[in-house]
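Residue numbers (my numbering), protein chains in the order written: chain S, 32 to 527; chain V, 47 to 101. Where is the CB? At the ideal position from N, CA and C, for every residue including glycine. What you are looking at is a predicted structure, and each value in this text was computed from that prediction instead of being measured.
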């Protein structure tokens, strides 16, 4: 049997498995918004762990990171810093967000921010930021899926058709089983992608070089420029290192699909355990990516699309069954993030827009069906956006992360009680100033002075938020006592 | 504080000034790669330690 038949068949077997899980999840589901959107706030450690890591690592980890090592060298090992920061942020911030969600019934990030800052304008702006910047992420994942299936089929399934098939499958099991289906499929996807990356990378290292040590020696002998900073193309300057660390940690954590996961935990202890242990998975996934990217630069130089180095090496050097299993793992990496983003956008649109402004008193069943309708609409939008292709998935991820990063001052204002808090006008001013700066520093003058645009925008956002808050009225005393009191009960065990 | 101190060891300018030594290798791996991996493992250790202490 030809390699492309085996590889494509295995991907389709995997897709069938996810649909079966979606159907089973549908049978377990109760017609209730909290169950459909938040897994009934009952996610235990193992399910939550695997969904968080599978969602965090996407097509970017599987394809983009290998491509980045291939092009820019060892500087991409900076990736470890943002995975560690994700763990620390989860450890410190996660239990606070969980406690507020449980106490006040929050479902989306906008729920929490609008309640604290007593502002519908904050709700609308946060909802818009959440959707607009994560739609870019749908595009990234969908493109990754298109690449994978196109390469796996040897070009017989077009990029566009591959993207459409995988988007439809992800949307189908999400509509069937809600977040329960997403979590269950993420469990499989999280395990599969981790094993696939490691097995694939080690196989290639031994097949091509006789082992990882010889791989490193060959890189040193043939491409020493890949082993120093800032890399062959001067990408990993100190400013970019710091910028990517912050935007790819805080920026991703503050995206709705990650924040919603905090709400779903069964208790705060689960989130702390999650924070302490997620970096193990997240960081170690970049070790095989380094072997693939750096080894690929020696074994297969001059690749037109560096992001395709992993599948290209597999097709050239690995047996078909192994290639198929690993590419199904790559599909899992992209789909686990894609389904979570589709779910988060559905949740924001259903809760923050439809329920709030169009039908506040409808039945639970009505909202569940409206949510399914939003998924169908997002599928169409995501597909259209995906037709435009890009070489470097990781750059798009950074753009998406930098947008959600603008929510950081507002969220910290809620979660960390202090003598002086931000105000609704301060938060809005900060968001608008930050988003305008983001456009300038990413599009007009990319990364001024070697510093990532996300950092410039966050600085301007913070200054504007603090400055305007100093001269405008803040939340009422009752709200401060209610919400900050709950945070203090979570952190210290009692309100002070 | 331990986390922050260790974290700075994995950030510029230390990464670019101290660990960027392509000529130095440890056990067959580049020094840059090994040192950062050790720092990352230590950071995980701090988080696990904080969890066990109930911090």
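Residue 414 of chain S sits buried, since 16 or more C-beta atoms from the chains shown fall within 10 Å of its C-beta. Annotation: the continuous alpha helix (DSSP H) that includes residue 517 of chain S extends over 508 to 523. In the DSSP assignment, residue 101 of chain S falls within the unbroken alpha helix (DSSP H) covering 96 to 103.
Contact check for residue 270 of chain S against residue 85 of chain S fails: the beta carbons are separated by 8 angstroms or more.
Using a CB distance below 8 angstroms, the part of the region 273 to 292 of chain S facing chain V consists of 273 and 276, ordered along the chain. Contact between the region 443 to 459 of chain S and the region 293 to 312 of chain S is not established, with fewer than three Cβ pairs separated by less than 8 angstroms.
When Cβ pairs closer than 8 angstroms are counted between the two stretches, the region 36 to 52 of chain S is seen not to touch the region 270 to 290 of chain S, the count staying below three. The C-beta distance from residue 173 of chain S to residue 205 of chain S rounds to 14 angstroms, too long to fall under 8 angstroms, and the pair is not in contact.
Between residue 157 of chain S and residue 144 of chain S, the C-beta gap is smaller than 8 angstroms, which places the two residues in contact. CA-to-CA, the gap between residue 177 of chain S and residue 164 of chain S works out to about 21 angstroms. Here DSSP, grouped into helix, strand and coil, assigns residue 72 of chain V to strand. Judged by DSSP in its simplified three-state form, residue 74 of chain S adopts strand. The beta carbons of residue 294 of chain S and residue 80 of chain S sit no closer together than 8 angstroms. In this structure, residue 345 of chain S and residue 231 of chain S form a Cβ contact; the two beta carbons are roughly 6 angstroms apart against a cut-off of 8 angstroms. According to DSSP, residue pairing for residue 85 of chain S in a beta bridge does not occur. When beta bridges are read from the DSSP output, residue 296 of chain S appears opposite S:74. Those residues of the region 98 to 117 of chain S placed with their C-beta closer than 7 angstroms to a C-beta in chain V are 105, 108, 111, 112 and 115, ordered along the chain. Between residue 507 of chain S and residue 448 of chain S, the alpha-carbon positions lie close to 14 angstroms from each other. Using a CB distance below 8 angstroms, no part of the region 507 to 527 of chain S faces chain V. Distance check between residue 217 of chain S and each of S:475, S:227, S:371 and S:263 places S:371 closest, using alpha-carbon atoms only.
For residue 148 of chain S, the closest alpha carbon among the candidates S:488, S:445 and S:487 is that of S:445. Using a Cβ-Cβ cut-off of 9 angstroms, residue 247 of chain S is close to 71, 74, 75, 76 and 79 of chain V, given in chain order. Within chain S, the residues 119 have their CB atoms less than 7 angstroms from the CB of residue 49 of chain V, given in chain order. For the pair residue 130 of chain S and residue 146 of chain S, the Cα-to-Cα distance works out to about 14 angstroms. Taking a contact to require three or more Cβ pairs closer than 8 angstroms, the region 503 to 520 of chain S and the region 118 to 125 of chain S do not qualify as touching.
A contact is defined here as three or more CB-CB pairs under 8 angstroms, and the region 102 to 121 of chain S fails this definition with respect to the region 234 to 248 of chain S. Per DSSP, residue 326 of chain S is one residue of the alpha helix (DSSP H) stretching across 317 to 330. Among the residues facing chain S, residue 56 of chain V is included, as its CB has a counterpart in that chain under 8 angstroms away. Interface with chain V (8 angstroms Cβ-Cβ cutoff): residue 32 of chain S is excluded. CA-to-CA, the gap between residue 92 of chain V and residue 193 of chain S works out to about 43 angstroms. Distances from the CA of residue 313 of chain S to each of S:116, S:59 and S:331 were compared; the closest alpha carbon is that of S:116.
Distances from the alpha-carbon of residue 37 of chain S to those of S:189, S:352 and S:410 put S:352 closest. For residue 56 of chain S, no CB of chain V lies under 8 angstroms from its own CB, so it is not counted at the interface with that chain. Residues of the region 129 to 161 of chain S whose Cβ lies closer than 7 angstroms to any Cβ of chain V: none. Within the model, the alpha-carbon separation for residue 482 of chain S versus residue 62 of chain V is close to 15 angstroms. Within the region 302 to 328 of chain S, contact with chain V at the beta-carbon level (separation under 7 angstroms) is assigned to 303, 304, 306, 307, 310, 311 and 314.
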